[in-house]
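Structure record follows, encoded as structure tokens.
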Amino acid sequence: MQQDQTEIRHDWSEQEVRALFELPFNDLLFKAQLVHRQYFNPNEVQVSTLLSIKTGACPEDCKYCPQSGHYNTGLEKERLMQVDAVLEKAKQAKESGSTRFCMGAAWKHPADKDMPYVIEMVKGVKALGLETCMTLGMLDEGKAEQLADAGLDYYNHNLDTSPEFYGNIITTRTYQDRLDTLHHVRESGMKICSGGILGMGETATDRIGLLRQLANLPKQPESVPINMLVKVKGTPLENAETLDNLDFIRTIAVARIMMPQSHVRLSAGRENMSDEMQAMTFMAGANSIFYGECLLTTPNPETHRDLQLFKRLGINPEQRISEADDTQEQVIINNLQKQQDKSFFYEA
Ligand code: SF4
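Residue numbers (the numbering used here): 20 to 367.
Next comes the structure, spelled out in structure tokens:
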């Protein structure tokens, strides 16, 4: 890391954030790049795999979500997966180059009876040498501690949008419930993954409000997923107005400037982005992606397309700092090599 790093601030005002959004596009991207390069290698992107360990029939009513039991999206519901099956998927993720394995369950909160299985999953995935992340809904203090004791590295719980717009999207839990869960996660010693979704009909002021909430937390989240709404038929947001791609890129750039040390992740919605759009988000400071065939229940660009894009952009997958793993690096290099060999025969 270089000297004179941008200060980490927790007192961003609406006016200051608006001023960033209103910068000329090139100036904003340049500023984001300058900040990005103080804390990260600009040619590295962290790669995570996400697995849905329990799918559908969720009691919450998040209007964007095909897993909500309130909407009929034709999604096939699945019970909590067996621990062995989860570990098998984690092995495959490691073999295809991921360093972090995220497990998601469509619950309001984990039930006591499910905790022993979830804990076994955390321990098993960690034993494979992967970082672990879970998203299981709300957590109280006790469950956060149980997960932290099992060795869970990250807990994902998104704020989704601004406090003002939140009630238009979810009515079954409050914004404060979400902040409370983040507080319990932080207190337990786990790292936080928290971000939001763009393109749900929110205003520019709501996007400012979301980023202020995240950046002004007592400690900024280590990972900040920024999702583009995937409009799923059967959900109330299936006909939401499409967000301008440039507004999406601007939001990534502003997130990078406000949260210089966080990994800003391109999450849901990436499958609808062109390679050029993804490249521009990396330029704006995104430095993490989900990789693999499935992003919970919406399609994710296939792994080989990611590898090809990385190669075309000269981007390398970021390695774990806590546990340097040469084998992991070799796996990715081999995959890239295989891709290069096959590229003549590849039909896009
Ligand atoms: S986003 Fe999560 S909490 Fe909301 S309905 Fe979907 S699975 Fe349930």
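Even glycine gets a Cβ: it sits at the ideal position worked out from N, Cα and C.
Original post:
How about A130: is its Cβ closer than 7 Å to a heavy atom in the ligand SF4?
Top reply: A130 Cβ: outside cutoff for every heavy atom of the ligand SF4.
**OP:** May I ask whether a heavy atom of the ligand GTP can be found less than 7 Å away from the beta carbon of Q86?
**Re:** Because the ligand GTP does not appear in the structure shown, any question about it cannot be addressed here, the ligands present being the ligand SF4.
Original post:
Which residues mark the beginning and the end of the alpha helix (DSSP H) in which G123 is found?
Top reply: Bounds of any alpha helix (DSSP H) do not take in G123; it lies within the beta strand (DSSP E) bounded by R119 to A124.
Original post:
By how many angstroms is the C-alpha of P182 removed from the C-alpha of C81?
Top reply: Roughly 14 Å between the two C-alpha positions.
Original post:
Excluding five sequence neighbours on each side, which residues of the same chain lie with their C-beta closer than 8 Å to the C-beta of V243?
Top reply: Here the set comprises C212, S213, G214, L233, A274, M278, S281, H282, V283 and R284.
Original post:
Just checking, does the stretch 126-135 make contact with the stretch 80-95 on the three C-beta pairs under 8 Å criterion?
Top reply: Under the Cβ criterion (8 Å, minimum of three pairs), the stretch 126-135 does not count as touching the stretch 80-95.
Original post:
What are the start and end residues of the beta strand (DSSP E) that includes Y173?
Top reply: Element bounds for Y173: Y173 to N175.
**OP:** Report all residues from its chain with a CB closer than 7 Å to the CB of F267; omit the five preceding and five following residues, and keep chain order.
**Re:** The beta carbon of F267 sits closer than 7 Å to the beta carbons of L217 and M247 from its chain, once the five residues preceding and following it are set aside; these are given in chain order.
**OP:** Could you tell me if L47 is buried or exposed, where buried requires 16 or more neighbouring beta carbons within 10 angstroms of its beta carbon?
**Re:** By the 10 Å Cβ count, L47 comes out buried.
Original post:
Per DSSP, K73 forms a beta bridge with which residues?
Top reply: Note: K73 sits in a beta bridge opposite A124.
Original post:
Does the Cβ of G208 have 16 or more other Cβ atoms within 10 Å, making it buried, or fewer, making it exposed?
Top reply: Using a 10 angstroms sphere on the CB of G208, the tally of other CB atoms stays under 16, which defines it as exposed.
Original post:
Does the Cβ of L155 have 16 or more other Cβ atoms within 10 Å, making it buried, or fewer, making it exposed?
Top reply: So L155 counts as buried.
Original post:
At a cut of 8 Å, does the stretch 321-337 reach the stretch 60-68 through at least three beta carbon pairs?
Top reply: Touching, per the Cβ criterion.
Subject >> DSSP state of I27 mapped onto helix, strand, coil >> reply: In the three-state reduction of the DSSP assignment, I27 falls in the coil class.
Original post:
Excluding five sequence neighbours on each side, which residues of the same chain lie with their C-beta closer than 6 Å to the C-beta of R28?
Top reply: Excluding positions up to five away in sequence, the list is empty.
**OP:** Let me know if E342 comes out buried or exposed under the rule of 16 or more other beta-carbons within 10 Å of its beta-carbon.
**Re:** Bear in mind that a pLDDT of 44 at E342, under 50, signals an unreliable position, so the model cannot answer this.
Original post:
CA-CA distance, A169 and R324?
Top reply: Computed Cα separation, rounded: 35 Å.
Original post:
Over what stretch of residues does the alpha helix (DSSP H) that includes M302 continue unbroken?
Top reply: Membership of M302 in the alpha helix (DSSP H) is indicated by the continuous run D294 to M302.
**OP:** Would you check if there are 3 or more beta carbon pairs closer than 8 Å linking the stretch 295-305 to the stretch 52-59?
**Re:** Verdict: yes, contact present.
Original post:
Cα separation between E290 and Y310?
Top reply: A straight line joining the alpha-carbon of E290 with that of Y310 spans about 11 Å.
Original post:
Expressed to the nearest angstrom, what Euclidean distance is found between the alpha-carbon atoms of W31 and E160?
Top reply: Distance from the CA of W31 to the CA of E160, rounded to the nearest whole angstrom, comes to 28 Å.
**OP:** State yes or no: is the C-beta of G75 within less than 8 Å of the C-beta of A125?
**Re:** Yes, these two residues count as a Cβ contact at 8 Å.
Subject >> Cβ distance (whole Å) where F44 is taken to contact L265 below 8 Å >> reply: At roughly 7 Å, the Cβ-Cβ gap stays under 8 Å, so F44 and L265 are in contact.
Original post:
Would you report the Cα separation of A38 and L326, rounded to the nearest angstrom?
Top reply: When only Cα atoms are considered, A38 and L326 end up about 36 Å apart.
**OP:** Tell whether a beta-carbon distance below 8 Å holds between M153 and H128.
**Re:** Taking 8 Å as the Cβ cut-off, M153 and H128 do not qualify as a contacting pair.
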